[in-house]
Structures are given as C-alpha cells and as structure tokens.
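Take a look at the structure set out below.
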Amino acid sequence: LYLRLYLLTWNVAEGPPVDLSEALELHKPKLPEVYAIGLQEVYTSNSETKSGSWSEAITKLLAPKGYVRCKERSMLGIWIIVFIRKQMLPYVTNIESERTKTGFGGYWGNKGGVSVRMDIYGVNVIIVNSHLAAHMENVQERIEDYDSILDDQKFKDEDVDHIMDHDYVFWMGDLNFRVNGITASDAIKCIKKDDYNHLLEHDQLLLSMKSGLVFDEFNEGDITFPPTYKFDKNTDHYDTSEKQRVPAWTDRILWYHHKVGYGNLRLNVQQKKYQSHNDYKSSDHRPVSSIFQFQVFPHPPSQPISFLPINEIKRKTDMTIKYTVDSTFMTNYNDWIGLYRTDFQSFNDYITYIWAVEGGQFHGEKGVTLKFYKSYMTMKPGNYCLIYLTSKYSICGISAKFKV
Numbered sequence: 001l002y003l004r005l006y007l008l009t010w011n012v013a014e015g016p017p018v019d020l021s022e023a024l025e026l027h028k029p030k031l032p033e034v035y036a037i038g039l040q041e042v043y044t045s046n047s048e049t050k051s052g053s054w055s056e057a058i059t060k061l062l063a064p065k066g067y068v069r070c071k072e073r074s075m076l077g078i079w080i081i082v083f084i085r086k087q088m089l090p091y092v093t094n095i096e097s098e099r100t101k102t103g104f105g106g107y108w109g110n111k112g113g114v115s116v117r118m119d120i121y122g123v124n125v126i127i128v129n130s131h132l133a134a135h136m137e138n139v140q141e142r143i144e145d146y147d148s149i150l151d152d153q154k155f156k157d158e159d160v161d162h163i164m165d166h167d168y169v170f171w172m173g174d175l176n177f178r179v180n181g182i183t184a185s186d187a188i189k190c191i192k193k194d195d196y197n198h199l200l201e202h203d204q205l206l207l208s209m210k211s212g213l214v215f216d217e218f219n220e221g222d223i224t225f226p227p228t229y230k231f232d233k234n235t236d237h238y239d240t241s242e243k244q245r246v247p248a249w250t251d252r253i254l255w256y257h258h259k260v261g262y263g264n265l266r267l268n269v270q271q272k273k274y275q276s277h278n279d280y281k282s283s284d285h286r287p288v289s290s291i292f293q294f295q296v297f298p299h300p301p302s303q304p305i306s307f308l309p310i311n312e313i314k315r316k317t318d319m320t321i322k323y324t325v326d327s328t329f330m331t332n333y334n335d336w337i338g339l340y341r342t343d344f345q346s347f348n349d350y351i352t353y354i355w356a357v358e359g360g361q362f363h364g365e366k367g368v369t370l371k372f373y374k375s376y377m378t379m380k381p382g383n384y385c386l387i388y389l390t391s392k393y394s395i396c397g398i399s400a401k402f403k404v
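In the UniProt record's numbering, the protein residues as written are 1 to 404.
Listed below in structure tokens is the structure:
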C-alpha cells in the first residue's frame with residue numbers, strides 16, 4: 001500500500017495570505033492523503049494571529065476537501081502546517097513537533113527549523129521545514145544550521161527520537177544555497193535558454209551534497225524549473241536592484257528513507273513531481289512543491305478504544321458514553337475525550353471534553369462509563385462524534401456519528 005504526500009514550501013516575504021488552490025493542485029480529481037505546507041518569513045510582528053491567518057486561509061481551502069489540520073508548529077516566521085484526510089485519522093498516532101533556533105548563534109528563531117513527526121499506517125514519518133542562513137558567502141553557516149537542527153531535535157519515542165531515525169524523512173524550505181561563480185547577467189542568459197544544467201554545476205547545495213558536507217544520503221529530484229529567487233515582487237523579473245543577486249534555487253525539497261524491511265514490507269518512496277509555481281508573484285521567491293508516494297503496511301493497526309453506539313440525543317440533556325479499552329493499551333491520566341461536530345477542521349475544534357479514566361484497560365468487557373454534562377455542551381442540531389486522544393494527539397478511537 002502506498003500513501004501520497006504533497007509538500008509545498010514558500011518564502012512569503014511577509015506578504016498576506018493568498019489563495020493556494022492552484023499551487024496545492026486542488027482541482028485534481030485524486031488528491032493526496034497528506035498535505036504539508038512549509039512557510040518562511042511569515043509576518044509575525046504584531047501577534048501570533050497575524051501569522052495564523054496563513055493557517056486559517058489554507059484550512060479554509062482544505063477542510064471542504066475532507067482534510068483536518070492535525071498539527072502546526074511555528075517559530076517566528078517559520079511555519080509548518082500538516083493536514084490529513086479525515087478518514088485516515090484513526091491510523092495516525094504519536095504526532096509530535098519540534099523547533100530549533102539557529103539565528104544569532106541559536107538565540108533567535110528567524111532562522112532554524114520546525115518539524116512534525118507521526119506514525120501513519122505502521123511507519124514513522126517526519127517532515128522538516130527550515131530557513132537556513134542567508135547570503136552567498138555563508139555556505140558553512142548553512143551547513144552548521146542543518147547540523148544544529150539534526151542535533152537539537154529530540155522526540156519522545158525512544159526508538160525514533162532523532163530526525164534521521166525515522167523511516168521516511170522529508171526536508172523542505174528556504175535552504176538559501178546559492179549559485180556560485182557566475183554573474184547575474186550570465187545566469188539570466190542561461191535561464192532564457194532553459195540551460196539549467198550549466199547553472200546547477202555551480203549550485204552550492206549540490207556541490208556540498210556531493211562533498212558529503214550536508215544532507216548526506218538525501219535525495220533530490222531533477223530540477224527542471226527556473227531558479228525561484230530573487231524576483232522583483234509582482235513581476236517576472238529577477239532582481240533589478242543595485243545588488244542584482246544571482247538567480248538561485250534557494251527553495252528545495254529533499255528526502256531520505258531507510259532501506260530496510262519489516263517482514264514482507266520494504267520501505268520505498270517515489271517522487272512523482274517536483275515543480276515551481278511561477279504564477280505566484282507576491283513574494284521575491286516562487287513556491288516549490290513535490291508529490292511523493294511512500295510505502296506503508298497494507299493493514300493499519302486496529303484502534304485500542306471502541307465506543308459503544310450513541311443513539312440520537314436531545315439538546316440540553318446530559319450525555320452518557322461508554323467505551324472499552326484493549327487490554328494491551330496503556331491509558332494515561334492525560335488522555336481525554338473530545339466532543340466534535342463531524343465537520344471539524346482541527347483537533348482544537350472540540351465543543352467540550354472530559355478526561356478519560358486512567359487504567360481503563362483493566363475494566364475488561366464492561367468498559368468505562370462517563371458523562372458529558374449539559375452545562376458544558378452548547379450544541380446546535382447536527383451530526384457529532386467522540387474522539388479519544390492522548391496528550392500527544394494520538395487518536396485512539398472515534399465513535400460512529402450521532403445526531404443531536
């Protein structure tokens with residue numbers, strides 16, 4: 001079984017949210033199971049809600065298509081937002097996020113990386129979005145930023161507590177590697193002739209990877225699109241300022257996977273598309289996207305929590321629920337049960353919640369009985385469901401929908 005992942009990276013240069021429907025290819029009849037959007041230089045000077053407006057704008061596009069925003073993480077202007085198809089949620093567990101500051105020696109988060117990791121259909125996946133050190137001459141600083149992100153980020157799963165421990169690693173962002181040893185005018189001549197190979201011979205990232213200095217063992221697809229930086233905003237013209245920066249592929253997407261097997265399963269990943277989106281001109285960068293398909297176990301693990309069916313309930317009444325817990329599942333005092341409308345867009349959209357019972361696995365077939373009190377339930381008529389979640393936002397059980 002293969003799942004599809006759509007990655008998009010864009011340095012938005014502090015611009016306001018724009019409609020990403022085309023860049024996310026939402027017009028296609030067959031959409032991926034997972035979307036991950038990495039943004040850099042999101043405007044954050046006033047409040048987190050300013051930067052959150054990008055998240056809200058993207059959620060409004062993807063929620064009607066059946067996606068739930070399962071995790072986002074930010075660090076100043078660096079954002080990662082991950083969406084999962086709603087029907088896939090029961091098979092996505094152990095969702096975590098991390099961030100690493102590398103600006104000004106690790107004290108400032110204008111540069112660095114944010115990541116989201118998860119277990120999905122029995123394999124573990126991590127997606128990193130980074131904004132590395134700027135300027136042509138700072139190759140070594142970029143390499144050090146990359147090393148710092150690898151060294152710094154730690155996760156709770158002891159078997160997969162580093163980035164490179166994961167079965168599948170996807171890394172995107174404004175990596176800021178430039179094109180050396182060529183003038184801007186000569187570079188533009190090559191671009192006009194679609195002669196990207198000559199420019200790529202001078203690409204700092206490819207040269208550094210070839211020397212084993214950075215992204216060791218990572219893969220990158222063939223680059224068949226023009227450099228994505230630096231444009232005069234709202235034009236197709238490369239930098240016409242006094243600096244006349246040499247056009248470069250600063251915005252990249254790379255991947256790595258462990259070449260091991262789990263029984264009959266051999267880990268495998270295929271890149272299906274690697275492209276830029278030149279119709280998006282509000283920034284001095286162009287967005288870059290990639291579509292992957294990666295192999296997972298053919299049969300997802302079963303959910304440890306089973307809710308008994310809930311009959312239609314009336315508004316302004318208490319609601320009694322009952323669930324059973326698999327004997328092998330270890331409950332925790334931080335586990336909770338959320339009441340959601342079935343059209344919820346993120347895990348934060350609960351109407352209300354109650355704490356689950358620690359030690360529920362010892363209740364056997366009689367299960368656990370709990371009550372939602374009417375004073376906490378402001379519900380309009382419609383369809384609802386219950387979701388059992390851990391503190392790490394692992395979904396351990398979803399009830400059948402019921403009417404109010």
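Every residue, glycine too, gets a C-beta built ideally from N, C-alpha and C.
Same chain, Cβ closer than 6 Å to T324, five either side skipped, listed in chain order: Position 324 of the sequence shown, counting from 1, holds the residue named residue 324. If the five residues before and after T324 are omitted, its C-beta is found closer than 6 Å to the C-beta atoms of S306 and G367, all from its own chain and listed in chain order.
Classification of I253 by the beta-carbon crowding that lies within 10 angstroms, buried from 16 upward: Taking the sequence shown and counting its residues from 1, the one referred to as residue 253 is at position 253. Buried is the call here.
N268 in three-state terms, based on DSSP: On the sequence shown, position 268 is the one that residue 268 refers to. In this structure, N268 counts as coil in the three-state DSSP scheme.
Quick check: the region 191 to 199 against the region 275 to 284, are at least 3 beta-carbon pairs closer than 8 Å? Taking one beta carbon from each stretch, the region 275 to 284 and the region 191 to 199 have fewer than 3 pairs nearer than 8 Å; the two do not touch.
Whole beta strand (DSSP E) runs in the region 167 to 193 with 3 or more residues, listed along the chain? 168 to 174
Taking the alpha-carbon positions, what's the M136 to D236 distance? Here residue 136 refers to the residue found at position 136 when the sequence shown is read from its first residue. Here residue 236 refers to the residue found at position 236 when the sequence shown is read from its first residue. About 22 Å.
Looking only at DSSP bridge pairs, what is Y353 linked to? For the purposes of this step, residue 353 is taken as the residue at position 353 of the sequence shown. Beta-bridge pairing links Y353 to G338.
Is the region 226 to 234 close to the region 206 to 213, with three or more CB pairs under 8 Å? no
Curious, which full-length beta strand (DSSP E) runs of at least 3 residues does the region 110 to 136 contain? 123 to 131
Report all residues from its chain with a CB closer than 6 Å to the CB of A36; omit the five preceding and five following residues, and keep chain order. Taking the sequence shown and counting its residues from 1, one reaches residue 36 at position 36. The residues are L7, V82 and I127.
Where V160 and W108 are concerned, what is the direct C-alpha to C-alpha distance, given to the nearest angstrom? The residue labelled residue 160 in the question sits at position 160 within the sequence shown. The residue labelled residue 108 in the question sits at position 108 within the sequence shown. Cα-Cα distance, rounded: 27 Å.
Can you have a look at P17 and say buried or exposed, based on whether 16 or more other CB atoms are within 10 angstroms of its CB? Position 17 of the sequence shown, counting from 1, holds the residue named residue 17. Per the 10 Å Cβ criterion, buried.
Which listed residue (L62, T342, P247 and A13) has its alpha carbon closest to that of D19: Counting from one through the sequence shown, the residue named residue 19 turns up at place 19. The shortest C-alpha separation from D19 is found at L62.
Can you grab the Cα-Cα spacing for the pair C396 / P29, in whole Å? Mapped onto the sequence shown, residue 396 falls at position 396. Mapped onto the sequence shown, residue 29 falls at position 29. Rounded to the nearest whole angstrom, the CA to CA distance from C396 to P29 is 30 Å.
Same chain only: Cβ atoms within 6 Å of N219, ignoring 5 sequence neighbours per side: Counting from one through the sequence shown, the residue named residue 219 turns up at place 219. If the five residues before and after N219 are omitted, its C-beta is found closer than 6 Å to the C-beta atoms of W255, all from its own chain and listed in chain order.
Here's the rule: buried if 16 or more other CB atoms are within 10 angstroms of the residue's CB, otherwise exposed. What is L308? By one-based count along the sequence shown, residue 308 stands at place 308. With fewer than 16 other Cβ atoms from the protein chains shown falling within 10 Å of its own Cβ, L308 counts as exposed.
What does DSSP give as the partner residue(s) for V260 in the beta ladder? Your numbering for residue 260 matches position 260 in the sequence shown. Residue pairing by DSSP places V260 in no beta bridge whatsoever.
Can you tell me where the beta strand (DSSP E) holding E98 begins and where it ends? Mapped onto the sequence shown, residue 98 falls at position 98. Where E98 is concerned, the enclosing beta strand (DSSP E) stretches over V92 to G103.
Report the start-end ranges of each beta strand (DSSP E) in the region 285 to 331 that is 3 residues or longer and not cut off at the edges. 288 to 295, 305 to 307 and 319 to 325
Roughly how many whole angstroms lie between the Cα atoms of E33 and Y121? Reading the sequence shown from its first residue, position 33 is the one you call residue 33. Reading the sequence shown from its first residue, position 121 is the one you call residue 121. E33 and Y121: Cα-Cα distance of roughly 12 Å.
Measure the alpha-carbon distance for V260 versus E141 and round it to whole angstroms. Here residue 260 refers to the residue found at position 260 of the sequence shown. Here residue 141 refers to the residue found at position 141 of the sequence shown. Their backbone Cα atoms lie some 33 Å apart in a straight line.
Just to confirm, is the Cβ distance from Y274 to G221 under 8 Å? For this step, residue 274 is matched to residue 274 along the sequence shown. For this step, residue 221 is matched to residue 221 along the sequence shown. Taking C-beta atoms as the reference points, Y274 and G221 count as a pair closer than 8 Å.
By Cβ distance below 8 Å, which residues in the same chain neighbour R73 in space, the five residues on each side in sequence not counted? On the sequence shown, residue 73 is found 73 positions in, with the first residue counted as 1. The answer, listed in chain order, is W79, I80, S97, E98, R99, V114, S115 and V116.
Would you say the region 315 to 332 touches the region 364 to 382, given that touching needs at least three Cβ pairs under 8 Å? yes
Buried/exposed call for N266, threshold 16 Cβ in 10 Å: For this step, residue 266 is matched to residue 266 along the sequence shown. According to the sequence provided, residue 266 is Arg. The question's Asn does not apply to it. It counts as exposed.
Residues bridged to C70 (per DSSP): In the sequence shown, counting from the first residue as 1, residue 70 sits at position 70. None, per the DSSP bridge assignment.
Please classify A400: is it buried, with 16 or more other beta-carbons within 10 angstroms of its beta-carbon, or exposed? The residue labelled residue 400 in the question sits at position 400 within the sequence shown. Residue environment for A400: exposed (fewer than 16 other C-beta atoms within 10 angstroms of its C-beta).
Could you tell me the distance, in whole angstroms, from the CA atom of R4 to the CA atom of D119? Walking along the sequence shown from the start, residue 4 turns up at place 4. Walking along the sequence shown from the start, residue 119 turns up at place 119. R4 and D119: Cα-Cα distance of roughly 15 Å.
Just the Cα atoms here: how many angstroms apart are P247 and I354? Here residue 247 is taken as the residue at index 247 of the sequence shown, counted from 1. Here residue 354 is taken as the residue at index 354 of the sequence shown, counted from 1. Answer to the nearest angstrom: the Cα atoms are 54 Å apart.
Name the two residues that bound the continuous beta strand (DSSP E) containing K371. Indexing the sequence shown from 1 puts residue 371 at position 371. Segment V368 to F372, the beta strand (DSSP E) holding K371.
Thinking just about the alpha-carbon of each residue, which of Q204, D147 and D165 is nearest to the one in N176? Looking up residue 176 in the sequence shown gives position 176. The shortest C-alpha separation from N176 is found at Q204.
Taking the alpha carbon of V288 as the point to measure from, which residue in A23, K60 and D343 has its own alpha carbon closest? Counting from 1 along the sequence shown, the entry for residue 288 is found at position 288. The option with the nearest alpha carbon to V288 is A23.
Could you please give me the residues that DSSP links to Y388 through a beta bridge? In the sequence shown, counting from the first residue as 1, residue 388 sits at position 388. Paired residues: I337 and G397.
How would you label K156, buried or exposed, when you count the other beta carbons within 10 angstroms and need 16 or more for buried? Start at 1 with the first residue of the sequence shown, and residue 156 comes out as number 156. Exposed.
Which residue wins for smallest C-alpha separation from H27, given the options E56, G15, V42 and P64? In the sequence shown, residue 27 corresponds to position 27, counting from 1. When only C-alpha atoms are compared, the closest one is P64.
Through-space distance from H363 to T49, alpha-carbon basis: Numbered from its first residue, the sequence shown carries residue 49 at position 49. Numbered from its first residue, the sequence shown carries residue 363 at position 363. Low per-residue confidence applies at T49: pLDDT is 49, beneath 50, and the placement is therefore not dependable, though the value from the model is reported in the following sentence. Computed Cα separation, rounded: 43 Å.
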